[in-house]
Amino acid sequence: MKAIIMAAGKGCRISNEIGEVPKSTLIINEKSIIRNTVEIFILLGIEPIVCTGYKSENIKEALAGLKVRYYHNPFYDITNNIVSLWFAKEELNDDVIILSADVVFEKKIVEILMVQDNPLTMTVDSSRTLDGDFFFKLSDEGHILEYGPDLPENIRSCESLGLSKVRSNAIEVFSARLNEMIDEGKHALNFERIFHSFNDDQIYRNRTVDVNGCIWREIDFYHDYVKAKKQFEVI
Numbered sequence: 003m004k005a006i007i008m009a010a011g012k013g014c015r016i017s018n019e020i021g022e023v024p025k026s027t028l029i030i031n032e033k034s035i036i037r038n039t040v041e042i043f044i045l046l047g048i049e050p051i052v053c054t055g056y057k058s059e060n061i062k063e064a065l066a067g068l069k070v071r072y073y074h075n076p077f078y079d080i081t082n083n084i085v086s087l088w089f090a091k092e093e094l095n096d097d098v099i100i101l102s103a104d105v106v107f108e109k110k111i112v113e114i115l116m117v118q119d120n121p122l123t124m125t126v127d128s129s130r131t132l133d134g135d136f137f138f139k140l141s142d143e144g145h146i147l148e149y150g151p152d153l154p155e156n157i158r159s160c161e162s163l164g165l166s167k168v169r170s171n172a173i174e175v176f177s178a179r180l181n182e183m184i185d186e187g188k189h190a191l192n193f194e195r196i197f198h199s200f201n202d203d204q205i206y207r208n209r210t211v212d213v214n215g216c217i218w219r220e221i222d223f224y225h226d227y228v229k230a231k232k233q234f235e236v237i
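Everything in the sequence shown is counted per my numbering, starting at 3 for the first residue and increasing by one.
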């Protein structure tokens, strides 16, 4: 199994508070967010692949001494992470977890995701339906019916974590869809939109797994970073 980590973005919403550094290099419990992520994957026997862009030298410095393969998105300032994934597309040849580097999480979440056998799986947290970044409305079977940052509160089932898995039996169709979106010029999309393009597919339909009770935080704004530092003091 592999993990492709998107670490190319600049993080404009937090840059005024943290200066000119990638937000994934921020320190929590004396360790950068991205180093914590990569070490979790290595501990679980998962090969880490990192897609860089903005301040790539800072990312590599934060991961010094760890066995990591790198891919670079030179268009990071005008594209979203679907393009970063495209630059690493040769790694889409096995079970793969795909995630953004700005999510800090405990190892248990990856362990839960690893054992899911659906072709496409996205992690969600059913305890978060009010304060969050991106929400889903789910069917009783855990399929995604509606999604978006502005989903009405009364129909929200959960928040998305941004950690997703493609099993090897879906890699070919997933890769084809990635190439199709790139060919269509959809460079402003995030990689999750590839998953959502299968929401209604009867064979490769998206499934979710709930990690309610696990500790995690996506770092978009400085107050997210402050909350994450408090959350992870207990780990």
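Just so you know, even glycine gets a beta-carbon here, dropped at the ideal spot from N, CA and C. Quick caveat, the model's predicted, so the values are computed rather than measured.
Would you report the Cα separation of residue i and residue j, rounded to the nearest angstrom?
i: K33; j: D222; result: 18 Å
i: T54; j: K69; result: 15 Å
i: P121; j: K167; result: 8 Å
i: V175; j: R169; result: 11 Å
i: I6; j: S102; result: 8 Å
i: N83; j: E194; result: 9 Å
i: W218; j: I184; result: 30 Å
i: P76; j: V98; result: 23 Å
Decide if residue i is buried, meaning its Cβ has at least 16 other Cβ atoms within 10 Å, or exposed.
i: G47; result: exposed
i: N181; result: exposed
i: K4; result: buried
i: N18; result: exposed
i: E220; result: buried
i: K232; result: exposed
i: D119; result: exposed
i: G150; result: exposed
i: G67; result: exposed
Across which residues does DSSP place residue i in a beta bridge pair?
i: M8; result: C53 and S102
i: R71; result: I51
i: W218; result: F107
Would you identify the three-state DSSP class for residue i, choosing helix, strand or coil?
i: F138; result: strand
i: Y206; result: coil
i: M124; result: strand
i: K188; result: coil
i: D119; result: coil
i: E147; result: Sequence inspection shows Leu at residue 147; the Glu mentioned does not correspond to that position. Strand at L147.
i: V211; result: strand
i: S199; result: coil
i: F223; result: coil
i: F43; result: helix
i: F193; result: coil
i: S166; result: strand
i: E32; result: coil
i: F107; result: strand
i: E161; result: strand
i: L245; result: Nothing can be reported for residue 245: it is not among the residues displayed for the chain, which extend from 3 to 237.
i: T27; result: helix
Rounded to the nearest angstrom, how far is the Cβ of residue i from that of residue j, given a contact under 8 Å?
i: S162; j: M124; result: 6 Å
i: T39; j: I61; result: Contact doesn't hold; Cβ gap of about 11 Å is too wide.
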